[in-house]
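The structure under discussion appears below in the form of structure tokens.
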Amino acid sequence: MNPNNPPRRISSTIINALGGGVVPRVGLEYIAVGRDKEIDALLHDVETIASGGAAFRFIVGRYGSGKSFLLQTIRNYATEKGFVVVDADLSPERRFVGSKGQGLATYKELMQNMSTKTKPDGGALPLILERWLSRIKMEVADAGGVGEEGPAFDALVEKRVRQVVGSLEGMVNGFEFAKAVLLYYQAYNAGDDEGKSRVIRWFRGEYGTMTEAKNELGIRLIVTDDNWYDFLKIFASFLVHAGYQGLLVIVDELVNLYKIPQAVTRQSNYEKILTMYNDVLQGKARHIGFLLGGTPQCIEDKYRGVFSYEALRSRLAEGRFASEDTQDLLSPIIRLSMLTSEEMYVLIEKLMHMHGQLFGYEPRLTQEELVRFLTIEYNRVGADTHITPREIIRDFIELLNILLQNPGRRVEEILGGEEFLAPAAPDGGNDGAFAEFSL
Numbered sequence: 000m001n002p003n004n005p006p007r008r009i010s011s012t013i014i015n016a017l018g019g020g021v022v023p024r025v026g027l028e029y030i031a032v033g034r035d036k037e038i039d040a041l042l043h044d045v046e047t048i049a050s051g052g053a054a055f056r057f058i059v060g061r062y063g064s065g066k067s068f069l070l071q072t073i074r075n076y077a078t079e080k081g082f083v084v085v086d087a088d089l090s091p092e093r094r095f096v097g098s099k100g101q102g103l104a105t106y107k108e109l110m111q112n113m114s115t116k117t118k119p120d121g122g123a124l125p126l127i128l129e130r131w132l133s134r135i136k137m138e139v140a141d142a143g144g145v146g147e148e149g150p151a152f153d154a155l156v157e158k159r160v161r162q163v164v165g166s167l168e169g170m171v172n173g174f175e176f177a178k179a180v181l182l183y184y185q186a187y188n189a190g191d192d193e194g195k196s197r198v199i200r201w202f203r204g205e206y207g208t209m210t211e212a213k214n215e216l217g218i219r220l221i222v223t224d225d226n227w228y229d230f231l232k233i234f235a236s237f238l239v240h241a242g243y244q245g246l247l248v249i250v251d252e253l254v255n256l257y258k259i260p261q262a263v264t265r266q267s268n269y270e271k272i273l274t275m276y277n278d279v280l281q282g283k284a285r286h287i288g289f290l291l292g293g294t295p296q297c298i299e300d301k302y303r304g305v306f307s308y309e310a311l312r313s314r315l316a317e318g319r320f321a322s323e324d325t326q327d328l329l330s331p332i333i334r335l336s337m338l339t340s341e342e343m344y345v346l347i348e349k350l351m352h353m354h355g356q357l358f359g360y361e362p363r364l365t366q367e368e369l370v371r372f373l374t375i376e377y378n379r380v381g382a383d384t385h386i387t388p389r390e391i392i393r394d395f396i397e398l399l400n401i402l403l404q405n406p407g408r409r410v411e412e413i414l415g416g417e418e419f420l421a422p423a424a425p426d427g428g429n430d431g432a433f434a435e436f437s438l
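Right, dumping it as structure tokens:
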């Protein structure tokens with residue numbers, strides 16, 4: 000398929016999402032430009048996870064710099080390669096640790112967004128369990144020796160299930176997790192949909208008290224703010240037994256930790272990040288990877304950011320030889336530089352053809368007009384430090400929409416109009432659309 004001609008549904012999603020300033024969850028391969036080195040580094044991490052290791056990265060970039068785009072690109076690649084991916088954005092209600100269940104809320108969001116290649120939009124846990132059990136039944140049937148129905152066959156299937164869950168019992172909270180898997184199998188074998196639903200609720204952390212879990216499942220443990228990270232590690236091991244390559248955990252919007260007003264709560268959240276980081280580097284976690292997205296300020300601020308926690312700062316701070324032009328892409332922090340003007344040209348050209356295909360017209364912007372558009376964008380007041388790909392893309396889609404709806408207007412007329420040029424202030428400054436930029 001021509002990379003500039005995705006299916007109409009994909010084109011619509013991409014154009015609408017980018018026009019609204021958000022990253023689409025599908026079709027990123029049609030508009031990917033630049034970031035080759037960063038993507039290669041992260042794909043190496045994916046290979047490490049598949050081979051039984053673990054990985055941990057911070058993806059750091061300013062708002063609109065392409066941070067979320069990169070995370071979604073890796074997410075889509077990982078599911079294509081047979082990984083299970085869980086992702087969540089932090090918020091005031093979702094943190095790693097909190098006195099009001101914010102850590103558990105993050106876990107629930109991750110479980111809700113559990114995705115695979117065949118279930119890319121989340122909610123994949125029931126499908127994962129069903130396919131795993133179906134595969135075990137097929138393997139037992141293919142081995143022969145007993146019929147495909149009856150007590151003898153069921154006993155062999157349960158023996159295979161117990162072999163898998165037995166390997167999980169040595170992990171922290173693994174005994175209860177293994178018991179839940181067995182309960183799911185028994186409900187699956189009996190055709191008990193209500194029983195399966197109760198186990199899925201337990202896996203997702205939806206039981207509020209241990210008493211409720213004990214009464215309904217006979218399990219004396221529930222997912223809480225204190226142990227949810229242990230459950231992610233157990234899931235990673237279980238998913239490998241279920242036929243997947245591993246588990247990739249993507250958490251964006253770390254800036255919400257930076258915004259926490261209480262210093263003690265911030266430090267508790269950073270301590271949880273340190274636990275994850277240490278587990279990965281010390282080999283205590285297997286078949287799992289973490290990608291955490293944040294802005295430079297929320298990482299580097301020594302009073303409120305990740306670097307305010309000395310144990311993390313000393314581990315993550317760059318050495319003497321790395322610079323903006325010479326990055327160490329094998330370090331825990333990948334810093335995103337801005338796309339070059341050449342890369343932006345390739346991107347807007349792709350979007351122009353996609354827009355034309357979506358709305359059924361032949362794009363009429365020439366190469367000179369595309370260059371003219373980018374020149375205007377990059378010559379804005381404060382653009383050298385504040386302009387981002389998100390703003391340029393949003394402006395470009397607006398330009399395409401205006402041209403589509405006003406076929407009588409010339410490109411140069413629009414580019415020179417108030418839509419794209421902020422008026423000059425009397426003092427020679429700028430009071431227009433970009434007045435918030437500080438120089």
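Numbering that gives the first Met the number 0 numbers the first residue of the sequence shown as 0 and each following residue consecutively.
Backbone N, C-alpha and C define an ideal beta-carbon position, used for all residues, glycine too.
Only a predicted model underlies this, so the values are computations on that prediction, with no experimental measurement involved.
On the DSSP letters alone, give me the boundaries of the beta strand (DSSP E) that Gly293 sits inside. Indexing the sequence shown from 1 puts residue 293 at position 294. Unbroken beta strand (DSSP E) run through Gly293: 287 to 293.
Check the C-beta distance from Val250 over to Ala87 and give it rounded, since I have them as a contact under 8 Å. As a position in the sequence shown, residue 250 is number 251, starting the count at 1. As a position in the sequence shown, residue 87 is number 88, starting the count at 1. Contact holds; Cβ gap of about 6 Å.
Please report the residue range of the beta strand (DSSP E) in which Ile58 lies. Here residue 58 refers to the residue found at position 59 of the sequence shown. Here the beta strand (DSSP E) through Ile58 covers 53 to 59.
Could you please give me the residues that DSSP links to Asp86 through a beta bridge? As a position in the sequence shown, residue 86 is number 87, starting the count at 1. Ile249, per the DSSP bridge assignment.
Could you check which residue in Asn172, Ile73, Thr78 has the C-alpha nearest to that of Ala40? Position 41 of the sequence shown, counted from the first residue, corresponds to residue 40. The residue with the shortest Cα to Cα distance from Ala40 is Ile73.
Reduced DSSP secondary structure (H/G/I, E/B, other) of Ser114: Stepping through the sequence shown from its first residue, residue 114 is reached at position 115. Ser114 falls in the strand class under three-state DSSP.
May I have a chain-ordered list of the beta strand (DSSP E) segments no shorter than 3 residues that lie completely inside the stretch 206 to 279? 246 to 251
DSSP-derived helix/strand/coil call for Arg34: Locating residue 34 in the sequence shown gives position 35, where the first residue counts as 1. Reduced to three states, the DSSP call for Arg34 is coil.
Report yes if the C-beta distance between His286 and Ala77 is below 9 Å; otherwise report no. The residue given as residue 286 occupies position 287 in the sequence shown. The residue given as residue 77 occupies position 78 in the sequence shown. Against a cut-off of 9 Å, the Cβ pair of Ala77 and His286 comes out as no contact.
In whole angstroms, give me the CA-to-CA distance for Glu367 and Ile392. Sequence index remark: in the sequence shown, residue 367 carries index 368 (1-based). Sequence index remark: in the sequence shown, residue 392 carries index 393 (1-based). Rounded to the nearest whole angstrom, the CA to CA distance from Glu367 to Ile392 is 18 Å.
Expressed to the nearest angstrom, what Euclidean distance is found between the alpha-carbon atoms of Tyr29 and Arg8? Residue 29 sits at position 30 when you count from the first residue of the sequence shown. Residue 8 sits at position 9 when you count from the first residue of the sequence shown. Answer to the nearest angstrom: the Cα atoms are 13 Å apart.
Continuous beta strand (DSSP E) stretch holding Arg74: start and end: Along the sequence shown, one-based indexing puts residue 74 at 75. Element bounds for Arg74: not the beta strand (DSSP E) but the alpha helix (DSSP H), 66 to 79.
Enumerated in chain order, which unbroken segments of the alpha helix (DSSP H) with a length of 4 residues or greater are wholly contained in the stretch 352 to 396? 366 to 377, 382 to 385
Can the beta-carbon of Gly63 be found closer than 9 Å to that of Gly20? Start at 1 with the first residue of the sequence shown, and residue 63 comes out as number 64. Start at 1 with the first residue of the sequence shown, and residue 20 comes out as number 21. In contact: Gly63 and Gly20 (Cβ atoms closer than 9 Å).
When we look at the beta-carbon of Gly190 and count the other beta-carbons within 10 Å, is it buried (16 or more) or exposed? Along the sequence shown, read from residue 1 onward, the residue named residue 190 stands at position 191. Label assigned to Gly190: exposed.
Cβ neighbour criterion (16 or more within 10 Å) applied to Val6: What you label residue 6 is simply residue 7 of the sequence shown in a count that begins at 1. Reading off the sequence, residue 6 comes out as Pro, not Val. Per the 10 Å Cβ criterion, exposed.
On the DSSP bridge assignment, give the partners of Arg93 in chain order. In the sequence shown, counting from the first residue as 1, residue 93 sits at position 94. Bridge partners of Arg93: Ser90.
CA-CA distance, Lys301 and Thr274? Numbered from its first residue, the sequence shown carries residue 301 at position 302. Numbered from its first residue, the sequence shown carries residue 274 at position 275. Near 20 Å, if we compare the C-alpha coordinates of Thr274 and Lys301.
Buried or exposed (CB count within 10 angstroms, at least 16 for buried), Asp44: Looking up residue 44 in the sequence shown gives position 45. The residue is buried, with at least 16 neighbouring Cβ atoms inside 10 Å.
Would you report the Cα separation of Leu128 and Thr339, rounded to the nearest angstrom? Within the sequence shown, the letter at position 129 stands for residue 128. Within the sequence shown, the letter at position 340 stands for residue 339. Spanning the two alpha carbons is a distance of roughly 45 Å.
Is the beta carbon of Leu89 sitting closer than 9 Å to the one on Phe95? Locating residue 89 in the sequence shown gives position 90, where the first residue counts as 1. Locating residue 95 in the sequence shown gives position 96, where the first residue counts as 1. Yes.
In terms of residues, what are the limits of the beta strand (DSSP E) holding Arg334? Within the sequence shown, the letter at position 335 stands for residue 334. Run containing Arg334: 332 to 334, per the beta strand (DSSP E) assignment.
Endpoints, the alpha helix (DSSP H) within which Met170 is located: Here the question's residue 170 lines up with position 171 in the sequence shown. Where Met170 is concerned, there is no enclosing alpha helix (DSSP H), given that its DSSP letter is neither H nor E.
Between the alpha carbons of Pro295 and Ala212, how many angstroms are there, rounded? The residue given as residue 295 occupies position 296 in the sequence shown. The residue given as residue 212 occupies position 213 in the sequence shown. If you take the alpha carbons of Pro295 and Ala212, they lie about 42 Å apart.
Pop quiz: Ala151 and Val160 are said to be a contact at Cβ under 8 Å. What is the actual Cβ separation, rounded to whole angstroms? As a working mapping, residue 151 is identified with position 152 in the sequence shown. As a working mapping, residue 160 is identified with position 161 in the sequence shown. With 8 Å as the limit, Ala151 and Val160 do not qualify as a contact, their Cβ atoms being about 15 Å apart.
Could you check where the alpha helix (DSSP H) with Leu329 kicks off and where it finishes? The residue you call residue 329 lines up with position 330 of the sequence shown. Here Leu329 belongs to no alpha helix (DSSP H), and DSSP marks it neither H nor E.
Is it true that the stretch 198 to 207 meets the stretch 110 to 129, where meeting means three or more beta-carbon pairs spaced less than 8 Å apart? yes
With respect to the alpha helix (DSSP H) encompassing Pro439, which residues constitute its N-terminal and C-terminal limits? Beyond the ends of the chain as shown, which are 0 and 438, falls residue 439; an answer cannot be given.
Where does Glu46 fall in DSSP's three states? The count along the sequence shown starts at 1 and reaches residue 46 at position 47. The answer is helix: DSSP assigns Glu46 an H, G or I state.
With DSSP run on the structure shown, which of helix, strand or coil describes Ala424? Within the sequence shown, the letter at position 425 stands for residue 424. Bear in mind that the predicted position of Ala424 carries a pLDDT of just 38, short of 50, making it too unreliable to give a figure here.
Please check the pair Leu402 and Val410, which I expect to be a contact at CB under 8 Å, by giving their CB distance rounded to whole angstroms. For the purposes of this step, residue 402 is taken as residue 403 along the sequence shown, with counting starting at 1. For the purposes of this step, residue 410 is taken as residue 411 along the sequence shown, with counting starting at 1. Correct: roughly 7 Å between the Cβ atoms.
Under the three-state DSSP convention, the category Asp191 falls into: Indexing the sequence shown from 1 puts residue 191 at position 192. Residue state, collapsed to three classes: coil.
Using CA coordinates, which residue listed in Cys297, Arg219, Phe230 is at the minimum distance from Asn255? Here residue 255 corresponds to residue number 256 of the sequence shown, with the count starting at 1. Closest by alpha carbon: Cys297.
Between which two residues does the alpha helix (DSSP H) holding Leu311 run? Here residue 311 refers to the residue found at position 312 of the sequence shown. Taken as a continuous stretch (DSSP letters only), the alpha helix (DSSP H) holding Leu311 covers 309 to 315.
Report, in whole angstroms, the separation of the C-beta atoms of Leu34 and Gly65, which I expect to be a contact under 8 Å. Numbered from its first residue, the sequence shown carries residue 34 at position 35. Numbered from its first residue, the sequence shown carries residue 65 at position 66. Note that residue 34 is Arg in the sequence shown here, rather than Leu. That belief holds up - the Cβ atoms of Arg34 and Gly65 are roughly 7 Å apart, short of 8 Å.
According to DSSP, is Gln162 helix, strand or coil? As a first step, residue 162 must be located in the sequence shown, where it is residue number 163. Gln162: helix per DSSP, three-state reduction.
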